[in-house]
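Q: Here the sequence shown stands for residues 371 to 890, where the numbers follow our numbering.
The beta-carbon is built from N, C-alpha and C at its ideal position, and this holds for glycine as well.
Remember, it's a predicted structure, so these values are computed and weren't measured experimentally.
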Amino acid sequence: MPAPTPTDVPWWRGGVVYQVYPRSFADSNGDGVGDLDGAASRMGHLKDLGVDAVWFSPFYRSPMADFGYDIDDHCDVDPLFGDLGAADRLIETAHRSGLRVVLDFVPGHTSDRHPWFAESRSSRGNPRRGWYVWRDPAPDGGPPTDWRAAFGDYPAWTLDPTTGQYYLHLFLPEQPDLDWNHPEVAAAMTDVLRFWSDRGVDGFRIDVVHTVGKRLDVDTPAELRGIPACVLDHGPGVHLRLTELRSRTDAFPSPPALIGETYVFDRERVVDFLGHGDQLHLAFNIPALHSPWDATVWRDEMASAIDLYDPVDGWPCWVLSNHDVPRHRTRYGTEARARAAAVLLLTQRGTPFLYQGEELGLADAVVEGDRVVDPGGRDGCRAPIPWDDSPGCGWPADPWLPFAPDAVALSVARQSGDPASMLEHYRRLLRLRRTEPVLSVGRVEILDAPDGVLRYRRWLDEPPGGAAAELEVLVNFTDEPVEVPGVSGRWVGGTAPPGETPAPGQGLGPDEARVVDPRG
Ligand code: GLC
Numbered sequence: 371m372p373a374p375t376p377t378d379v380p381w382w383r384g385g386v387v388y389q390v391y392p393r394s395f396a397d398s399n400g401d402g403v404g405d406l407d408g409a410a411s412r413m414g415h416l417k418d419l420g421v422d423a424v425w426f427s428p429f430y431r432s433p434m435a436d437f438g439y440d441i442d443d444h445c446d447v448d449p450l451f452g453d454l455g456a457a458d459r460l461i462e463t464a465h466r467s468g469l470r471v472v473l474d475f476v477p478g479h480t481s482d483r484h485p486w487f488a489e490s491r492s493s494r495g496n497p498r499r500g501w502y503v504w505r506d507p508a509p510d511g512g513p514p515t516d517w518r519a520a521f522g523d524y525p526a527w528t529l530d531p532t533t534g535q536y537y538l539h540l541f542l543p544e545q546p547d548l549d550w551n552h553p554e555v556a557a558a559m560t561d562v563l564r565f566w567s568d569r570g571v572d573g574f575r576i577d578v579v580h581t582v583g584k585r586l587d588v589d590t591p592a593e594l595r596g597i598p599a600c601v602l603d604h605g606p607g608v609h610l611r612l613t614e615l616r617s618r619t620d621a622f623p624s625p626p627a628l629i630g631e632t633y634v635f636d637r638e639r640v641v642d643f644l645g646h647g648d649q650l651h652l653a654f655n656i657p658a659l660h661s662p663w664d665a666t667v668w669r670d671e672m673a674s675a676i677d678l679y680d681p682v683d684g685w686p687c688w689v690l691s692n693h694d695v696p697r698h699r700t701r702y703g704t705e706a707r708a709r710a711a712a713v714l715l716l717t718q719r720g721t722p723f724l725y726q727g728e729e730l731g732l733a734d735a736v737v738e739g740d741r742v743v744d745p746g747g748r749d750g751c752r753a754p755i756p757w758d759d760s761p762g763c764g765w766p767a768d769p770w771l772p773f774a775p776d777a778v779a780l781s782v783a784r785q786s787g788d789p790a791s792m793l794e795h796y797r798r799l800l801r802l803r804r805t806e807p808v809l810s811v812g813r814v815e816i817l818d819a820p821d822g823v824l825r826y827r828r829w830l831d832e833p834p835g836g837a838a839a840e841l842e843v844l845v846n847f848t849d850e851p852v853e854v855p856g857v858s859g860r861w862v863g864g865t866a867p868p869g870e871t872p873a874p875g876q877g878l879g880p881d882e883a884r885v886v887d888p889r890g
């Protein structure tokens, strides 16, 4: 069988996806909040960067209690972001720029203002009562189970005085949980996917997908008390729901890729969400998102990906930053580490997801006092993108959140064309991944390396014409120089700025990451 190349593997396997958080991406109408026309005007940035697909966090109608993850109309655009026409223009512009489009799909809950919930809460006998999770109080009048909500220290159940029952909300009380055990819920939510698929969307990032199909009516296991219920193991029901969902979306005229936010901390459970190729196409490797900058931990991450995904023909999905966690530039602590991390991420076997602004090396913004807006404490990683080096960084009005530190110096305009910049580093790496299919679809093997260094080989038995059959990657996780026995080969990429590339056989500098062609 010929070796795979990026052209004959599906885009979600061969490509790199870039996450846009629309509120903070680009503002076209001067209200300080990013919007869809603004995003469309910046698709050129993604094209120049060299990514293959773009995922947009929610822009649907929403009261914005959780900044769009509380939806009250799944098939319309919130006026803050534009309208359906703007969504169509954005999809078309992205496609014209050669980008696949992924939208966020939030199956687990709606807004409490959604008409479905208004009906559901109106009476115990309402036909939509069973669309949400209602339970009688415990014998003492308290919540039915001890489940905790995700943001803040309070129960995941709220008593609704009208009917005297509690409803479940794994997140805010304004985000009541849908009950996917009800067949009409699954059907209605599939209609939502069909609506957007018919508008040309290529895939969906499915929000907290592991909670679709909950094991209800059980208390938290003693050893996990205090942990939010959204990260509990909800058992096999979810896999049944996902298999059903996949068979429905596979029947669409253009079957979308299903990419799950599988917020579980056990690597073996992440891969379970791929089923036997009949559930999700990709499942975010959440343990890696929370891994520290440590060669041993990352070696384990990669080794377990090889052990777990290859036997089931699964494909890993790697991410270092998103709109929910401090940016990796902040978590790992230095720009030098962020540069090395970009090499690590973009030389993995599996689909890498980038989060807007990581290509600029942004750290989290400092958000304090009355500028704090997110109930989950996530404002810092959601700071607006600095486009140019004017005082407003290309935003026509003061944006809804403050900029990250050094925003002017890190703006797209300032970094573009500067070979030493983080932006050009990402552009070079993405170009390398594109021109060397061994990096996107080749196999991987971990090699011996000194302490603090991760060394691996990527290879293809039959590379397409002109491409390397084999490349080796070395990442120095320490801030000391390290000699690596046996390292040789032609330098093809890495953290060294162009013109200062290390000689074959040279040891690794502090925080250096390097890609070499061992046969070159
Ligand atoms: C996901 C989203 C997060 C949101 C939560 C509830 O984790 O990424 O932003 O708050 O789900 O929808």
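#1: On a CA-only basis, which of 567, 554 and 522 is nearest residue 596? Give me that one, please.
#2: Give, in chain order, every unbroken run of the beta strand (DSSP E) that is at least 3 residues long and sits entirely within the segment 393-470.
#3: Could you check whether residue 883 and residue 864 sit closer than 7 Å to each other, using their CB atoms as the reference points?
#4: According to DSSP, simplified to helix, strand and coil, what is residue 878?
#5: If you measure from the CB of residue 439, is any heavy atom of the ligand GLC nearer than 6 Å?
#6: Assuming contact is defined by CB atoms lying nearer than 7 Å, are residue 650 and residue 644 in contact in what I supplied?
#7: Short of 6 Å in beta carbon distance, which residues of its chain neighbour residue 515, apart from the five on each side in sequence? Order them along the chain.
#8: I need the DSSP call for residue 600, collapsed to helix, strand or coil.
#9: Using the Cα positions of residue 753 and residue 407, report the straight-line distance between them to the nearest angstrom.
#10: So, are the CB atoms of residue 717 and residue 843 less than 7 Å apart?
#11: Keeping to the same chain, check which residues put their C-beta closer than 8 Å to that of residue 692; ignore five residues upstream and five downstream.
#12: Considering only residues of the same chain and omitting the five flanking positions on each side of residue 402, which have a CB-CB separation below 6 Å?
#13: If we count the other Cβ atoms within 10 Å of its Cβ and call it buried at 16 or more, is residue 756 buried or exposed?
#14: Give the DSSP bridge partners of residue 473, in chain order.
#15: Should residue 695 be listed as close to the ligand GLC, given that the test is whether its C-beta is under 6 Å from any heavy atom?
#16: Is the beta carbon of residue 469 closer than 7 Å to that of residue 416?
#17: Note down, in chain order, each residue of its chain lying with its Cβ closer than 6 Å to the Cβ of residue 868, except the 5 sequence neighbours on either side.
#18: If you pair each beta-carbon of the segment 669-682 with each one of the segment 788-808, do three or more pairs fall below 8 Å?
#19: Excluding five sequence neighbours on each side, which residues of the same chain lie with their C-beta closer than 8 Å to the C-beta of residue 801?
#20: Let me know the beta strand (DSSP E) ranges lying completely inside the segment 795-851, each 3 residues or longer, listed in chain order.
#21: Checking 7 Å against the spacing of the C-beta atoms, do residue 571 and residue 471 come in under that value?
#22: From the DSSP output, which residues share a beta bridge with residue 866?
#23: Pull up the distance between the alpha-carbon of residue 372 and that of residue 832, whole angstroms please.
#24: Hey, would you say residue 546 sits closer than 7 Å to residue 487, going by beta carbons?
#25: Going along the chain, which residues of its own chain have a beta-carbon closer than 8 Å to the beta-carbon of residue 540, five neighbours each way excluded?
#26: Should residue 532 be labelled buried (16 or more other beta-carbon atoms within 10 Å of its own) or exposed?
#27: Go through its chain and collect everything with a Cβ distance to residue 391's Cβ below 7 Å, but skip five positions before and after it.
#28: Straight-line CA distance for residue 855 to residue 816?
#29: Quick one: Cα of residue 536 to Cα of residue 782, how far?
#30: Roughly how many angstroms lie between the CA atoms of residue 829 and residue 594, to the nearest whole one?
#31: Got a sec? Which residues, its chain only, sit under 7 Å from residue 887 by beta carbon, not counting five neighbours each side?
#32: With a threshold of 16 other CB atoms inside 10 Å of the CB of residue 430, please say whether the residue is buried or exposed.
#33: Between residue 578 and the ligand GLC, is there a pair consisting of the residue's CB and a ligand heavy atom that are separated by less than 6 Å?
#34: Mind checking which residues open and close the beta strand (DSSP E) that includes residue 545?
#35: The ligand GLC and residue 744: does the residue's C-beta get closer than 6 Å to at least one heavy atom of that ligand?
A: So, from the listed chains and residues:
#1: Per the Cα distances, 522.
#2: Here the runs fully enclosed are 423-426 and 443-447.
#3: Taking a C-beta distance under 7 Å as the contact criterion, residue 864 and residue 883 qualify as a contact pair.
#4: Looking at residue 878 - three-state DSSP - the assignment turns out to be strand.
#5: Relative to the ligand GLC, the beta carbon of residue 439 is positioned inside 6 Å of a heavy atom.
#6: In this structure, residue 650 places its C-beta atom within 7 Å of the C-beta atom of residue 644.
#7: Excluding residues within five positions, the ones whose Cβ falls inside 6 Å are 589.
#8: Here residue 600 sits in helix by DSSP.
#9: Rounded to the nearest whole angstrom, the CA to CA distance from residue 753 to residue 407 is 19 Å.
#10: Contact flag set, yes.
#11: Same-chain partners within the cutoff: 389, 659, 723, 725 and 751.
#12: Excluding positions up to five away in sequence, the list reads 767, 768, 769 and 770.
#13: Flag for residue 756 reads buried.
#14: Answer by DSSP bridge pairing, in chain order: 426 and 574.
#15: Not so, every heavy atom of the ligand GLC lies at least 6 Å from the Cβ.
#16: Yes.
#17: 789, listed in sequence order.
#18: The segment 669-682 is not in contact with the segment 788-808.
#19: In its chain, beyond the 5 residues on either side, 420 have a beta carbon closer than 8 Å to the beta carbon of residue 801.
#20: Under the rule that a run must span 3 or more residues, the beta strand (DSSP E) segments found entirely inside the segment 795-851 read 813-817, 823-829 and 840-846.
#21: In this structure, residue 471 lies closer than 7 Å to residue 571 by Cβ.
#22: Residue 866 is not bridged to any residue.
#23: Confidence at residue 372 is low in this model, with a pLDDT of 47, below 50, so the placement of that residue is unreliable and no value is reported for it.
#24: Contact: yes.
#25: Closer than 8 Å at the Cβ level, and outside the excluded window around residue 540, lie 478, 479, 517, 519, 520, 526, 547, 578, 581, 598, 599 and 600.
#26: The Cβ neighbour count for residue 532, taken over all protein chains shown within 10 Å, is under 16; the residue is labelled exposed.
#27: Non-local C-beta neighbours of residue 391 in its own chain, meaning closer than 7 Å and more than five positions away in sequence, comprise 427, 693, 726 and 752, ordered along the chain.
#28: Rounded to the nearest angstrom, the two C-alpha atoms are 15 Å apart.
#29: For the pair residue 536 and residue 782, the Cα-to-Cα distance works out to about 49 Å.
#30: Rounded to whole angstroms, residue 829 to residue 594 spans 42 Å at the Cα level.
#31: When the five nearest sequence neighbours on each side are left out, the beta carbons in the same chain lying within less than 7 Å of the beta carbon of residue 887 are those of 838, 841, 859, 860 and 862, in order along the chain.
#32: For residue 430, the number of other beta carbons within 10 angstroms of its own is at least 16, and it is reported as buried.
#33: Set against 6 Å, the gap from the CB of residue 578 to the closest heavy atom of the ligand GLC is smaller.
#34: Looking at the DSSP string, residue 545 is not in any beta strand (DSSP E), and its letter there is neither H nor E.
#35: For the ligand GLC, not one heavy atom lies less than 6 Å from the Cβ of residue 744.
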